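Residue numbers (our numbering), protein chains in the order written: chain A, 24 to 400; chain B, 24 to 400. Where is the CB? At the ideal position from N, CA and C, for every residue including glycine. Fair warning: this is a prediction, and the values are worked out from it, not measured in the lab.
Protein chains: 2
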Amino acid sequence: MNFTFTSKDPETAARSGLLRTDHGEIHTPVFMPVGTRASVKSVEPEELKKQDTQIILANTYHLYLRPGNDIIAKAGGIHSFMNWDGPLLTDSGGYQVYSLSELRSISEAGVRFKSHIDGSMLFFTPENVIDTQRIIGSDIMMPLDECPPWPAEKSYVKESGDLTVRWAERAKKHLAATQPHYGHNQTLFGITQGGTYADLRTQISKQLADLDFDGYSIGGLAVGEPAEEMYRILELSHTILPENKPRYLMGVGTPENILNAIERGVDMFDCVIPTREARNGRVYTRNGHINLRSARFADDFTAIDEGFDNHVCRNYTKAYIRHLLNVGEILGLKLCTLHNISFFMWLTRTAREQIIRGGFREWKDDFLKTFNAGQQP
Amino acid sequence: MNFTFTSKDPETAARSGLLRTDHGEIHTPVFMPVGTRASVKSVEPEELKKQDTQIILANTYHLYLRPGNDIIAKAGGIHSFMNWDGPLLTDSGGYQVYSLSELRSISEAGVRFKSHIDGSMLFFTPENVIDTQRIIGSDIMMPLDECPPWPAEKSYVKESGDLTVRWAERAKKHLAATQPHYGHNQTLFGITQGGTYADLRTQISKQLADLDFDGYSIGGLAVGEPAEEMYRILELSHTILPENKPRYLMGVGTPENILNAIERGVDMFDCVIPTREARNGRVYTRNGHINLRSARFADDFTAIDEGFDNHVCRNYTKAYIRHLLNVGEILGLKLCTLHNISFFMWLTRTAREQIIRGGFREWKDDFLKTFNAGQQP
Chain A
24 MNFTFTSKDP ETAARSGLLR TDHGEIHTPV FMPVGTRASV KSVEPEELKK
74 QDTQIILANT YHLYLRPGND IIAKAGGIHS FMNWDGPLLT DSGGYQVYSL
124 SELRSISEAG VRFKSHIDGS MLFFTPENVI DTQRIIGSDI MMPLDECPPW
174 PAEKSYVKES GDLTVRWAER AKKHLAATQP HYGHNQTLFG ITQGGTYADL
224 RTQISKQLAD LDFDGYSIGG LAVGEPAEEM YRILELSHTI LPENKPRYLM
274 GVGTPENILN AIERGVDMFD CVIPTREARN GRVYTRNGHI NLRSARFADD
324 FTAIDEGFDN HVCRNYTKAY IRHLLNVGEI LGLKLCTLHN ISFFMWLTRT
374 AREQIIRGGF REWKDDFLKT FNAGQQP
Chain B
24 MNFTFTSKDP ETAARSGLLR TDHGEIHTPV FMPVGTRASV KSVEPEELKK
74 QDTQIILANT YHLYLRPGND IIAKAGGIHS FMNWDGPLLT DSGGYQVYSL
124 SELRSISEAG VRFKSHIDGS MLFFTPENVI DTQRIIGSDI MMPLDECPPW
174 PAEKSYVKES GDLTVRWAER AKKHLAATQP HYGHNQTLFG ITQGGTYADL
224 RTQISKQLAD LDFDGYSIGG LAVGEPAEEM YRILELSHTI LPENKPRYLM
274 GVGTPENILN AIERGVDMFD CVIPTREARN GRVYTRNGHI NLRSARFADD
324 FTAIDEGFDN HVCRNYTKAY IRHLLNVGEI LGLKLCTLHN ISFFMWLTRT
374 AREQIIRGGF REWKDDFLKT FNAGQQP
């Protein structure tokens, strides 16, 4: 993998870049739809491509549980398994161990936890999480980390962050000691932690930068802290993380979060918002989000976002999708999902275009003004 | 609408034909996927077209309840509402009144029933069911009928059949007294009843034939009677119904039922089997149906039906779809549905080709031999 800048915004830390993987190029800033269990909810891979999706995310923890490494290996990796031939990133599963498993114990060796599916006891180590991602065959891998909640005691965040750094070092060593299984190159990012403690975040980011990863994930944010705290940490991270490596803000976020993070030098995003909210009928427009379950759309025969040029807006009305949601037709969820993915793709693509033409900040301010003014509950 | 034969099978009553509607031509025999509430479960209209779907079915009863005539009228009819620009057929809602509504009372005037959605009391008449279908804008409409259960006392079947004939006459008169709302022509079929009583079926079929409908639906079958009884009634119907009008066997059925009915002169079919069974993981192959939920497909990386040239078989393996079903991903249901629709389209399309080349019976026997031999529970 390599990463090159195509341009930098003159007014902010925003940048546009080009990330090359063996499964194709990724133009950044980029939003990655979440395909946790080797499926972006209800949408086929070819439909994702038609919405300009460049890279998707899948989840090591979930895939490890089901279908399991054996099936993925026999399939020849996840690209072949799910019929997605574009770039794919896997998170390490660390976050899911902490958020989904009730029983877990962390040691220097790794994390022991109970499967939320069948209750069996499992053990993730920095090494075996790399092995699993070798089997999955993701283009971009994440090392095992520990993600503290927010707020958390500083002493705990420090101890946990130090462990994450040691695990990152082990992951990197194990990466070097192993080979890809399917002929395409796999790269590893480092994940910074440290919560919202500036000194800890600085220390950990520097230690990881010294380890020279191919890219940097900014972890432990978007876990409940105020947005301003997150932005402060991003500004700090920008000054520490190597400029010539891609930066991925994990689990973010709303359109506003994403644009504010782009402004602070972030290149990559993933979030369940477009897919999860779609399943509740919430769809995004340039004038804010609306909930299509609302009766006020029952006879609204306009597109979700009039003039927005995507498949769903070209072909379906609010009234029709509202009807589908109202009677419980699966197609309603699918159309909302497809629209939202398309909207988030448009958002980061437009941000990129504006960075290149030098108008990012003005466009961002205009967009957010309109977007926030139209926000519906 | 007009209907012309393109050929007749020399050995059987099977025929191929061409039905012209203002929304396009339909080559028969044809299977119509069911889009009860203006959506063929989980599948977009353009995807239906790519599976060679020529005509779909929607349900007057369900659409009348939700979204209701007002919304459909404001949408400019169902084609515009759901973005399907091909031919569309609506049933009258009679069958649903009898099968879904607990409280109903039938009189000469019509049927009073309780909505299964909100419990409100509603009244369907031969006239207002035509009005609703005028609003829906279906290309082919059905008159209100009464569909007796099987078995039923002969006296009841006779009384009910006589009422259905009188209602059909009223429907036809009302059709003539009303106009299409959206500029395209709408045609009305007659529905024969009479259960499996040969004399009653004969009488009612003759009375409807005398009324000169544009086509004939064969109703009151596939309601629990043995298949042989159904085939006997189809053979009888073939001798009575006008040869130059299309014949539609309502609610049928399995591949075997469909081919045996084609052999007995039926041109059109609809059934929830391909869509409903897909949602339980059952998919159709030329070697019988299989259930993809089964663990034995967990590492089967072949297509649902190897060498079957459709979108799902070209792009996905049994193991992947089994994984999707196993973890509850909506995409699994969608892929099974799309495959089954494609399979039923292939079945009737191939039957047609074989009728045209004069090899229908031989092909049918070969197909069923292979299909039934491979059947899985």
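Out of the options, which has the shortest C-alpha to C-alpha gap to residue i?
i	options	result
residue 78 of chain A	A:69, A:85, A:84	A:69
residue 317 of chain B	B:328, B:297, B:309, B:348	B:348
residue 409 of chain A	A:107, A:89, A:182, A:336	The structure shown has nothing for residue 409 of chain A, since chain A only spans 24 to 400.
residue 170 of chain B	B:217, B:126, B:392	B:217
residue 311 of chain A	A:285, A:398, A:297	A:398
residue 343 of chain B	A:358, A:42, A:106	A:106
residue 180 of chain A	A:233, A:242, A:132, A:137	A:242
residue 289 of chain A	A:390, A:257, A:228, A:47	A:257
residue 237 of chain B	B:377, B:224, B:261, B:266	B:266
residue 224 of chain B	B:199, B:201, B:235, B:263	B:263
residue 304 of chain A	A:261, A:287, A:352	A:352
residue 388 of chain B	B:286, B:368, B:331, B:326	B:286
residue 373 of chain A	A:299, A:27, A:54	A:54
residue 357 of chain B	B:191, B:322, B:315	B:315
residue 102 of chain B	B:268, B:87, B:62	B:62
residue 201 of chain A	A:174, A:151, A:212	A:151
residue 87 of chain B	B:133, B:386, B:120, B:76	B:120
residue 207 of chain A	A:274, A:46, A:34	A:46
residue 233 of chain A	A:381, A:371, A:192, A:350	A:192
residue 274 of chain A	A:114, A:228, A:330, A:366	A:114
residue 403 of chain A	A:95, A:96, A:228, A:168	Since the first residue shown for chain A is 24 and the last is 400, residue 403 of chain A is missing from the structure and cannot be characterised.
residue 307 of chain A	A:319, A:328, A:299	A:328
residue 249 of chain A	A:90, A:147, A:89, A:173	A:173
residue 350 of chain A	B:380, B:319, B:85	B:85
DSSP puts residue i in a beta bridge; with which residues?
i	result
residue 178 of chain A	Paired residues: none, contrary to the question.
residue 238 of chain B	B:212
residue 144 of chain B	B:137
residue 164 of chain B	B:211
residue 129 of chain A	A:134
residue 401 of chain A	This structure gives no information on residue 401 of chain A, because the portion of chain A shown stretches from 24 to 400.
residue 79 of chain A	A:111
residue 25 of chain B	B:43
CB-CB under 7 Å to residue i, same chain, minus the five flanking residues each way: which ones, in chain order?
i	result
residue 139 of chain A	123, 124
residue 361 of chain A	66, 70, 74, 334, 335
residue 92 of chain B	155, 158
residue 58 of chain B	79, 80, 81
residue 355 of chain A	344, 347, 348
residue 220 of chain A	177, 180
residue 378 of chain B	30, 32, 37, 38, 39
residue 197 of chain A	149, 150, 153
residue 393 of chain B	309, 310
Leaving aside the five residues before and after residue i along the sequence, list all residues of the same chain whose C-beta is less than 6 Å from its C-beta, in chain order.
i	result
residue 194 of chain B	149, 153, 166
residue 271 of chain A	240, 291
residue 163 of chain A	112, 210
residue 128 of chain B	135
residue 322 of chain B	342
residue 371 of chain A	52, 53, 54
residue 295 of chain B	57
Closer than 8 Å by C-beta to residue i: which residues in its own chain qualify, once you throw out the five before and the five after it? Chain order, please.
i	result
residue 226 of chain A	184, 217
residue 100 of chain A	158, 159, 160, 204, 205
residue 268 of chain A	26, 236, 237, 238, 239
residue 383 of chain A	32, 34, 35, 37, 285, 286, 374, 377
**Request:** Determine contact between the region 139-147 of chain B and the region 185-201 of chain B, defined as no fewer than three beta-carbon pairs at a distance below 8 Å.
**Result:** Result no; under three Cβ-Cβ pairs closer than 8 Å.
**Item:** Length at least 3, wholly inside the region 256-317 of chain A: the beta strand (DSSP E) runs in chain order
**Value:** Counting whole runs of 3 or more residues, the region 256-317 of chain A contains the beta strand (DSSP E) stretches 270-272, 291-293, 305-308, 311-314.
**Message:** To test your reading of the DSSP string, which unbroken beta strand (DSSP E) runs of 3 or more residues are found completely within the region 83-127 of chain A?
**Reply:** Here the runs fully enclosed are 111-114.
**Message:** For the region 275-289 of chain A against the region 240-256 of chain A, do three or more pairs of beta-carbon atoms, one drawn from each stretch, fall closer than 8 Å, so that the two count as touching?
**Reply:** Touching, yes, given that three or more Cβ pairs across the two stretches are closer than 8 Å.
**Message:** Please give me, in chain order, every unbroken run of the alpha helix (DSSP H) with length at least 4 that falls completely inside the region 36-76 of chain B.
**Reply:** Look at the region 36-76 of chain B and you find these whole runs of alpha helix (DSSP H), each 4 residues long or longer: 68-73.
**Asked** With a cut-off of 8 Å, do at least 3 Cβ pairs link the region 37-52 of chain A to the region 329-342 of chain A?
**Response** Contact between the region 37-52 of chain A and the region 329-342 of chain A is absent: fewer than 3 CB-CB pairs across the two stretches fall below 8 Å.
**Prompt:** Should the region 386-397 of chain B be regarded as contacting the region 100-116 of chain B, the criterion being three or more beta carbon pairs within less than 8 Å?
**Reply:** The answer is no - the region 100-116 of chain B does not touch the region 386-397 of chain B, with fewer than three Cβ pairs under 8 Å.
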